[in-house]
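Here is the structure we will look at.
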Amino acid sequence: MSSTTDLPAIAHYDVAVIGGGAAGLSAATALARSRRSVLVVDAGEPRNGPAEGAHNVLGQDGVPPLDLLAAGRKEAIGYGAEVRADTAVAARREGDAFEVDLEEGGTVRVRRLVLASGLVDELPDLPGVKEMWGRKVLHCPYCHGWEVRDQRVGVIGVSPMSVHQALLFRQLTADVTLFTHTMPELDADAAEQLAARQIRVVDARVEGIRDEGEKGVTVVLDGTPEVEQDAVVVAPRFHARADLYVQLGGTVTDHPFGEFIDSDPMGKTEIPGVWAAGNASDLSAMVMVASGAGVMAGAAVNADLIAEDVAAAVDARAGQ
Ligand SMILES: Cc1cc2nc3c(=O)[nH]c(=O)nc-3n(C[C@H](O)[C@H](O)[C@H](O)COP(=O)(O)OP(=O)(O)OC[C@H]3O[C@@H](n4cnc5c(N)ncnc54)[C@H](O)[C@@H]3O)c2cc1C
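In terms of the working numbering, the numbers along the sequence shown are unbroken and rise by one, the last being 355.
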């Protein structure tokens, strides 16, 4: 579906959108429907790619994530957006424009830039976690909590946040175990809350997890017997993909869960001409929130271009 033709040495568009996930495709659709020329550059690794279905997506609950994006690409392209399967590797300001270099060759010159490049989930470095991520290793009760309702859920403790995760998943199942692993010692309040909700606490370090097929997951512990679970919950650290933003002179903002590109509610960043949307600027944005942020950023970029076009037209008229 995406374009495979070679780009000219420098290709001109009104806007380049970096990332073709929910945020980027929504921004591109809003821009293309405003008759802006827009190029989406997408490396094709949406964050929820490993998951079977995307939930809490109104009207399409459970849709396979890649199917949702394929439909979004088709819509954006239908309005005239171009989508390229490529990676943007460098960005710089050139006068009042931006230039973006693509990995497979060619440079794009644009008036505005939307960074919708998502984030990287930094997972605990334990055997089995990466392999089962998005299937039996979970993080978000709203994404896949319903799917493990009434099942055996083990939370691998990595921070005080793990207590909160255990309490969230306890809403979905009565069988929750918190493995303390590397989290700080539980304070009295946390211990009381866990006990009051009948959440088991196993004070042991996790050495890894093993996929047992239909039987679930085995949690391998340091010095204590293994524990059978149906699914395991972890709290990743969230790192916005911000390389291009930093190259342009931006600074990422720290957050207790990682770091992100700060922006106003419309996605405008501290760098004039650069917007951010989706997980790149909001670590907790789910699909619909990322999509909404993309639409807002697309609308804001269009309004900004209109202001510039009108000012130029007024100047031109005055000079006649
Ligand atoms: C396992 C898992 C399951 C989830 N399940 C759900 C769910 O059920 N429901 C829900 O609402 N949310 C779910 N989420 C959250 C969901 O993934 C995000 O809300 C959503 O992906 C955010 O969209 P985005 O467009 O910001 O980023 P992404 O979807 O991650 O898209 C970013 C895109 O940008 C591309 N990219 C990055 N850098 C570059 C570059 N330099 N050049 C070109 N392209 C680049 C990436 O390859 C990617 O395709 C889940 C998350 C995970 C991890």
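A virtual CB, placed ideally from N, CA and C, is assigned to each residue, including glycine. Remember, predicted model here, so these are calculated numbers, not experimental data.
Cβ-heavy atom distance, residue i to ligand 1, below 6 Å
i      : result
ILE341 : no
GLU110 : no
ASP131 : no
HIS290 : no
MET331 : no
ILE53  : yes
GLY94  : no
ARG276 : yes
HIS90  : yes
SER152 : yes
PRO81  : yes
GLY169 : yes
ASP102 : no
VAL322 : yes
VAL76  : yes
ASN337 : no
ALA266 : no
GLY56  : yes
ALA270 : no
ALA62  : no
THR304 : no
Local Cβ density within 10 Å of residue i, reported as buried at 16 or more and exposed below that
i      : result
LEU93  : exposed
PRO81  : buried
ALA266 : buried
GLU117 : buried
PRO291 : exposed
ALA347 : exposed
HIS47  : exposed
GLY54  : buried
GLY308 : buried
LYS109 : exposed
GLN233 : exposed
ALA230 : exposed
THR64  : buried
LYS171 : buried
MET321 : buried
MET331 : buried
LYS250 : exposed
GLN355 : exposed
ILE45  : exposed
Range of the contiguous beta strand (DSSP E) that encloses residue i
i      : result
GLY189 : 188-191
GLN264 : 262-264
ARG184 : First-last for ARG184: undefined, no H or E at that position.
VAL237 : 235-237
ASP136 : 132-137
LEU74  : 73-77
VAL309 : 309-311
ARG119 : 117-120
Those residues which DSSP pairs with residue i across a bridge
i      : result
TRP168 : VAL172
TYR48  : VAL145
THR212 : GLY189, ARG235
THR253 : ARG245, GLU263
HIS290 : GLY293
ALA89  : VAL98
ARG361 : The structure shown does not extend to residue 361, since the chain is modelled only from 36 to 355, so the question has no answer here.
ILE53  : VAL76, LEU150
GLU220 : For GLU220, which the question treats as bridged, DSSP gives no partner whatsoever.
GLU157 : ARG272
Element boundaries [alpha helix (DSSP H), containing residue i]
i      : result
ILE112 : 100-113
ALA201 : 196-205
THR64  : 57-68
GLU343 : 322-353
VAL269 : Unbroken run through VAL269: none, as it is neither H nor E.
ASP278 : 278-282
Nearest-angstrom Cβ-Cβ length linking residue i and residue j, presumed shorter than 8 Å
i      : j      : result
VAL98  : ALA105 : 10 Å between Cβ atoms; not a contact.
LEU318 : GLY243 : About 27 Å separates the two Cβ atoms, so there is no contact after all.
LEU150 : ILE296 : 6 Å
VAL188 : GLN264 : 7 Å
ALA315 : LEU103 : Their Cβ separation, rounded to whole angstroms, is 19 Å, which puts ALA315 and LEU103 out of contact at 8 Å.
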